[in-house]
Structure formats: C-alpha cells, structure tokens
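From first to last, the protein sequence lines stand for chains U and P.
The first sequence: position 274 = 274 (our numbering), numbered continuously.
The second sequence: position 231 = 231 (our numbering), numbered continuously.
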Amino acid sequence: MKSTRGERTFYVFNYVLLTLAGILCLLPLLHLASLSLSGKNAVMSGFVTLWPQEITFESYKLLFEGTPVLRSFANSVLITVVGVALSMVVTICAAYPLSRREFYGRRWLTLAIVFTMLFTGGLIPTYLVVSSLGLVNTYGALWLPALVSTYNMMIMRSFFENVPEELIEASRIDGSGEWRLLLRIVLPLSLPMLATIGLFYGVYYWNSFFNVMIYVNSPEKLNLTVLIQQMVRSQAVLQEINTMDTQQASNITPEGIKAAGIMIMIIPMLIVYPLLQRYFVKGVTIGAIKG
Amino acid sequence: MKANSAKPIRLQAKSPGQSRRFWHTQRFKTNAPLWIMFIPVIVFYLVFKYAPMAGLVIAFKNYTFYEGIWGSQWVGFANFEMLFTQSQSLQIIRNTLLLSVLSVAVGFPFPIILAIMLNEVRKKWFQKSVQTLVYLPHFFSWVIVGGLVVTIFAQSGIVNAALEKLTGQSFAFLFNESSWVAIFLGSGIWKDAGFSAIIYLAALTSIDPSLYEAASMDGAGKWKQIRNITLPGISPTIVIMLILAMGRVMEVGFDQVYVLQNSIVSGISEVISTYIYAIGLQGGQFSLTAALGLFESLVAFILVLLTNAVARRFGRGLW
C-alpha cells in the first residue's frame with residue numbers, strides 16, 4: 001500500500017516523538033550514574049551531564065564501607081524472597097478453589113473478596129490489627145498483611161479457569177485428587193502466568209517502603225529503600241559521613257553519594273528487568289481482558 | 001422441580017448415588033481438599049481485611065491504648081465534626097482532591113496516546129525498544145524516582161545549572177507550590193504512563209485491521225482513522241480504566257508525596273495519607289485519623305459505584 005504525504009508526515013512525527021519518550025526515560029538514569037561516578041570538582045561545577053567526569057568510585061566505596069548498605073541489601077533480598085514464596089503459595093490456595101466450578105460457596109466468597117478491593121479498613125485499623133498480633137518490628141508485619149494481593153489473585157483465577165475442562169476430567173478419571181491435579185496439571189500449564197505474578201510480588205516486596213517505615217523500628221532490620229531514603233533525605237547522615245572521612249575521601253560530594261545510593265537500588269532492577277520483561281506484558285494483558 | 005417430580009421413584013431406583021453418604025460423593029471429594037486449601041485464605045481475609053473494617057468503630061470512639069478498641073468510650077460523630085471544622089484537615093482533603101483530580105485529568109490521556117503511537121509503528125524492533133524503555137520506570141520505587149527528581153531539580157541540580165547559564169538565574173522548582181505540583185504530576189506520568197499503556201495496547205490488537213484498510217480506501221487520513229476507528233475500538237477499556245481511576249480519587253499515594261515534599265510546600269503537598277501517618281501513627285491520634293480514613297474509603301467506594309452506574313447506562317459497566 002502506498003502511503004500518502006500526510007501519512008508520511010504522521011509516521012515521521014510518530015517515530016521522533018516515540019524516540020524522545022524513550023530517551024526521556026533513560027536520561028535521568030544516565031545523569032545519576034554519571035553523578036555517582038564523577039569527582040568532586042566536576043560535580044560542584046554543576047556540569048556533569050550524561051557522562052562521568054574525573055571518574056572515581058569513591059562514593060560507592062564509602063557507601064559500602066561507611067554505611068550499612070550491604071546489610072540493608074541483604075534484608076531487602078530476604079524480605080523479597082520469603083515474601084514472594086509465601087504470597088505465591090497463599091495466592092494459589094485462593095485462586096485455584098475459586099476457579100473451580102464445583103467449589104461450594106464460590107460465588108459468595110468471590111464477592112466477599114472483591115468487596116475488599118472496593119472498601120478497606122484503612123491504615124490505622126490495619127496497624128492496630130498488625131500490632132495486636134505482636135508483629136511490629138518483625139518482617140511478619142510486611143509479609144502477612146500482604147499475603148494475597150486481590151488483584152493478582154483475580155488474574156490467577158481467570159487464568160486457572162481457562163485450563164481445559166477435558167484435562168481436569170481426564171485426570172479425575174485417572175483417580176487423581178485435587179492436590180495432584182493442581183500440582184501436576186494446572187500449575188505446570190500456568191508457568192508463564194505464575195512467573196508474571198511472582199514478578200509483581202517481587203517488585204512489591206523489593207520496593208516496599210511505607211510498611212517498613214511504620215512497622216520496622218530497628219535500624220539493623222531496615223531494607224534498602226528506607227535506608228537510601230533516609231540518606232537522601234537527611235543531611236545529617238551525609239554530614240556525618242563527610243566529617244568522618246574527610247581525610248581519606250576528599251573526592252566526595254553529598255550529591256555523588258546520594259546518586260550512588262540511588263544507583264545501588266536501580267542496578268539490581270536493571271539486571272532482572274530484561275529477564276522478566278517478556279512475562280509481565282502477558283500478565284497485565286490477562287488481567288485487562290478478563291477483569 | 002415440577003418436571004422432575006413426575007417420576008421420582010424411577011429416578012431413585014436408577015441412581016445408586018442417592019443411597020451413598022454425602023462424604024462419598026464426587027462433589028465432597030472435590031470440595032474437601034479445596035476447602036482445606038482455602039482455610040488460610042479465609043483466615044487472611046478475615047484477619048487483615050475484615051477485622052480492620054470492624055476496627056473502624058474507633059472512628060466513633062475515643063481510642064486509647066489502655067482501653068483498647070472495644071473498651072474505649074463512644075463519642076458518636078465527634079471525630080468527624082472535628083475533621084470537618086478544623087481548617088487544617090479541610091485543607092488536607094482539598095489538597096488530596098486537587099492533586100488526584102489533576103493527576104487523573106493530566107495523566108490519564110498519556111498512556112492512551114502512547115499506546116496509539118506505539119500501535120502505529122511498523123518496525124517491530126523499534127516498537128520493542130521503545131516499550132522496553134518506557135515500561136522500566138514503573139518498576140522503580142518512589143524512593144528512586146523521588147531521588148532522581150530531587151537531584152535533577154535541586155538548587156545544585158542539572159536543570160538549575162543549565163538555567164543559570166542561559167538566564168543567569170536559578171529557580172527553586174521544589175520550593176514553589178505551582179512548580180512543585182507540576183513536578184508531582186510529571187513524575188507520576190514519567191513513572192507510570194508507559195506501563196499503563198500496556199492495557200490499551202492489548203485492547204488495540206483486538207481491532208479488526210480490515211477497518212483501517214477500508215477507511216484508507218475511502219481516503220481517510222491517519223487522524224480520521226484514529227478518531228473514528230482506534231478510539232471507539234478501545235473506548236470500553238478507557239471507560240474501565242476511568243472507573244478504576246475514580247476509585248483512587250480520594251487517595252494520593254503516600255510514597256510519592258513523602259519523597260517529594262518539603263516543609264515549604266506543605267500547604268499544597270500535605271494529603272490524607274501523609275496526614276494519617278504524621279498525626280495518627282506518629283502523633284497517636286488514632287480515632288481522628290481513623291475517621292479520616294473511613295471518610296476516604298467511603299467516598300472512594302461511592303465514587304466507584306457512581307461511575308459504574310453511569311458506565312452501565314452506556315452499557316459499559318464493570319459489573
């Protein structure tokens with residue numbers, strides 16, 4: 001099909017604008033990366049743009065040696081790994097029965113669960129419940145209230161509903177029970193969707209910020225997000241670092257350290273992102289179509 | 001029922017299942033393991049979703065730590081009266097509405113436009129690369145995005161360095177109410193517009209390509225095609241997303257405000273979620289802030305029902 005002149009202008013504009021949109025998402029990251037790697041004079045002069053100048057790794061060195069970044073990193077990993085495992089198990093335990101037509105009370109239970117998406121008790125009552133269970137200052141306060149994300153559960157349920165009825169019938173004739181059916185047939189058929197939901201939970205736990213802030217008090221239990229936020233926020237932490245290390249680390253600026261702190265959170269994300277990208281589009285789409 | 005009751009005796013004689021005990025039936029065999037599976041789920045929803053709803057009674061009480069939720073004194077609507085007479089809490093409700101309505105009004109079209117643009121790209125590799133880039137910020141926590149924004153727009157940041165070179169003056173972007181709001185909205189769009197486009201992209205793939213061919217034959221240009229084919233094609237999705245957005249009108253996410261705000265712009269940046277955190281959790285005024293939370297939940301609930309009712313009139317409701 002030949003394109004008209006109007007169409008050609010449209011396409012040119014379209015490509016230019018989309019390229020700009022893509023670049024706009026990348027530029028801030030490049031800028032931060034350059035800041036984190038640049039020397040003091042370059043940062044102070046304000047003209048580190050998209051390429052590091054007077055390259056130095058001292059900001060990173062200082063972060064790893066002078067602050068509990070590594071411990072927080074380990075905490076974040078622990079919170080994420082255990083959280084994803086728990087959430088996946090319980091979400092499957094919710095989604096699978098609700099996907100089965102034979103399940104007694106399916107309709108009412110689904111309604112009762114969807115209602116919690118529309119109306120919530122809110123922060124204060126939830127906090128009171130969590131603290132009355134004695135979960136404050138434990139990671140249980142992060143994991144237990146987040147065991148099931150109703151949205152993720154509904155995506156999973158509609159996926160399970162689409163498992164062909166013949167497969168279920170066939171396995172029942174073979175004499176397998178529900179557990180076997182779930183573990184041997186339904187779950188293996190749903191691996192891409194499970195990966196997607198796992199990714200959503202993983203991102204949720206890795207990024208958790210507010211819950212850690214309100215429920216976890218001990219500094220040694222903080223995760224990376226809260227630690228970095230405290231560093232970015234309070235000048236005090238940075239001042240302390242500055243006075244502490246002036247002799248050995250004269251090439252450091254607060255901006256550089258903040259940038260390095262943010263980069264430490266971004267980098268793991270960038271490493272995992274390409275691996276998971278092919279899954280999440282699928283997951284969002286399932287949710288969108290089936291509601 | 002009537003039809004069956006005509007020959008009940010024959011049915012009973014034919015089916016041996018009738019004489020079996022309930023726990024030998026297939027239905028029970030299927031249900032028992034499903035229910036065992038479901039027990040933790042019920043416990044979860046009761047403890048962490050429904051118990052907090054019951055806990056909302058403290059909005060009508062004067063909650064103290066010693067007396068607990070049930071022992072505390074009833075005060076009726078006193079907490080609500082306080083909320084709706086104090087100028088501070090009124091301002092916070094106003095800020096919340098302002099920021100979220102602006103977020104929806106300004107931010108809502110971006111994913112749609114982005115999806116339509118991406119859909120018009122014919123080179124697959126180009127489409128994939130742009131998608132990879134624009135989806136990425138969604139996965140960053142607000143701490144990262146806030147860190148990026150604050151670094152870039154700070155007094156010593158790159159934007160001000162450039163501005164100073166051009167005009168000789170710097171501008172306190174983060175400490176001026178209107179530019180703060182602009183940064184707030186912009187950062188929200190930067191973070192989530194790309195990812196939200198996925199849903200519209202999925203909807204776009206369901207549009208019959210022959211419609212475009214026909215339109216093109218009739219001499220309709222790109223704009224006309226987008227207006228008359230693409231937009232109507234994805235309008236059900238747009239309506240659903242709008243209903244969902246309505247449910248969030250009373251809530252401005254805590255994280256976003258918290259990482260961006262500072263004391264100078266607090267007149268515009270203090271919202272319900274940050275207020276509940278500061279006054280409720282840190283200040284210990286549980287009843288007052290629970291009342292605010294109840295108000296927030298109720299308004300959101302009513303808004304969703306209303307929007308859905310309107311959408312149903314056009315045959316597009318969620319339920």
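From the three backbone atoms N, C-alpha and C, an ideal C-beta is built for every residue, glycine too.
Is it true that the CB of residue j sits closer than 8 Å to the CB of residue i?
i                           : j                            : result
serine 235 of chain P       : valine 257 of chain P        : no
alanine 278 of chain P      : alanine 59 of chain P        : no
glycine 107 of chain P      : alanine 193 of chain P       : yes
glutamate 54 of chain U     : serine 34 of chain U         : no
alanine 129 of chain P      : glycine 22 of chain U        : It should be noted that the sequence gives serine, not alanine, for residue 129 of chain P. Cβ atoms of serine 129 of chain P and glycine 22 of chain U: closer than 8 Å.
isoleucine 144 of chain P   : isoleucine 266 of chain U    : yes
serine 59 of chain U        : alanine 195 of chain U       : no
tyrosine 215 of chain U     : valine 82 of chain U         : no
serine 99 of chain U        : leucine 147 of chain U       : no
valine 69 of chain U        : leucine 78 of chain U        : no
glutamine 261 of chain P    : serine 269 of chain P        : yes
leucine 135 of chain U      : isoleucine 69 of chain P     : no
phenylalanine 57 of chain U : leucine 224 of chain U       : no
leucine 99 of chain P       : phenylalanine 184 of chain P : yes
threonine 307 of chain P    : leucine 242 of chain P       : yes
isoleucine 302 of chain P   : leucine 123 of chain U       : no
valine 252 of chain P       : threonine 96 of chain P      : yes
Quick one: is residue i buried, meaning 16 or more other Cβ sit within 10 Å of its Cβ, or exposed?
i                         : result
proline 232 of chain P    : exposed
alanine 170 of chain U    : exposed
glycine 71 of chain P     : exposed
lysine 61 of chain P      : buried
glycine 105 of chain U    : exposed
glycine 17 of chain P     : Confidence is the limiting factor: at glycine 17 of chain P the pLDDT is only 48, short of 50, which leaves the residue's position unreliable and the question unanswerable from this model.
leucine 182 of chain U    : buried
glycine 157 of chain P    : buried
proline 28 of chain U     : buried
tyrosine 279 of chain U   : buried
tyrosine 135 of chain P   : buried
threonine 67 of chain U   : buried
leucine 11 of chain P     : Here leucine 11 of chain P scores only 43 on pLDDT, less than 50, and its place in the model should not be relied on; the value that follows carries that caveat. Classification of leucine 11 of chain P: exposed, given that the 10 Å Cβ count is below 16.
valine 271 of chain P     : buried
threonine 91 of chain U   : buried
aspartate 255 of chain P  : buried
methionine 217 of chain P : exposed
isoleucine 264 of chain P : exposed
glutamine 131 of chain P  : buried
How about residue i: is its C-beta nearer than 8 Å to some C-beta of chain U?
i                         : result
arginine 94 of chain P    : no
leucine 166 of chain P    : no
tryptophan 142 of chain P : yes
arginine 27 of chain P    : yes
serine 235 of chain P     : no
valine 41 of chain P      : yes
proline 137 of chain P    : yes
asparagine 4 of chain P   : Note on asparagine 4 of chain P: pLDDT 44, under 50, position unreliable in the model; no value is reported.
isoleucine 152 of chain P : yes
glycine 194 of chain P    : yes
aspartate 208 of chain P  : no
tyrosine 212 of chain P   : no
serine 156 of chain P     : yes
Looking at the unbroken alpha helix (DSSP H) that takes in residue i, where does it start and where does it end?
i                         : result
threonine 25 of chain P   : Where threonine 25 of chain P is concerned, there is no enclosing alpha helix (DSSP H), given that its DSSP letter is neither H nor E.
glutamate 7 of chain U    : 5-37
threonine 307 of chain P  : 286-313
alanine 154 of chain P    : It is not in any alpha helix (DSSP H) - alanine 154 of chain P carries neither H nor E in the DSSP assignment.
arginine 157 of chain U   : 150-161
tryptophan 206 of chain U : 191-207
proline 137 of chain P    : It is not in any alpha helix (DSSP H) - proline 137 of chain P carries neither H nor E in the DSSP assignment.
proline 125 of chain U    : 123-132
glutamate 169 of chain U  : 165-173
glutamate 120 of chain P  : Neither: glutamate 120 of chain P is in no alpha helix (DSSP H) and is coded neither H nor E.
leucine 181 of chain U    : From DSSP, leucine 181 of chain U is part of no alpha helix (DSSP H); its letter is neither H nor E.
glutamate 164 of chain P  : 158-167
aspartate 255 of chain P  : 254-260
Comparing the C-beta of residue i with each C-beta of chain P, is any distance below 8 Å?
i                       : result
valine 136 of chain U   : no
leucine 192 of chain U  : Looking at the sequence provided, one finds proline at residue 192 of chain U rather than leucine. No, proline 192 of chain U does not count as interfacial toward chain P.
glycine 6 of chain U    : yes
valine 16 of chain U    : no
threonine 80 of chain U : no
glutamine 53 of chain U : no
Q: May I ask you to verify whether the segment 200-211 of chain U touches the segment 234-249 of chain P, counting CB pairs closer than 8 Å and requiring at least 3?
A: The segment 200-211 of chain U is not in contact with the segment 234-249 of chain P.
Q. Per the contact definition of three or more C-beta pairs closer than 8 Å, is the segment 84-99 of chain P in contact with the segment 220-228 of chain P?
A. Here the segment 220-228 of chain P makes no contact with the segment 84-99 of chain P; the two share fewer than three CB pairs at distances below 8 Å.
Q.
Any contact between the segment 288-303 of chain P and the segment 208-224 of chain P? By contact I mean 3 or more CB pairs, one from each, below 8 Å.
A. Using a Cβ-Cβ distance cut-off of 8 Å, the segment 288-303 of chain P and the segment 208-224 of chain P are not in contact, since fewer than three pairs of beta carbons, one from each stretch, lie closer than that value.
Q. Can you find at least 3 beta carbon pairs, one from the segment 72-82 of chain P and one from the segment 157-167 of chain P, that sit closer than 8 Å?
A. Using a C-beta cut-off of 8 Å, the segment 72-82 of chain P makes no contact with the segment 157-167 of chain P, since fewer than three inter-stretch Cβ pairs fall below that distance.
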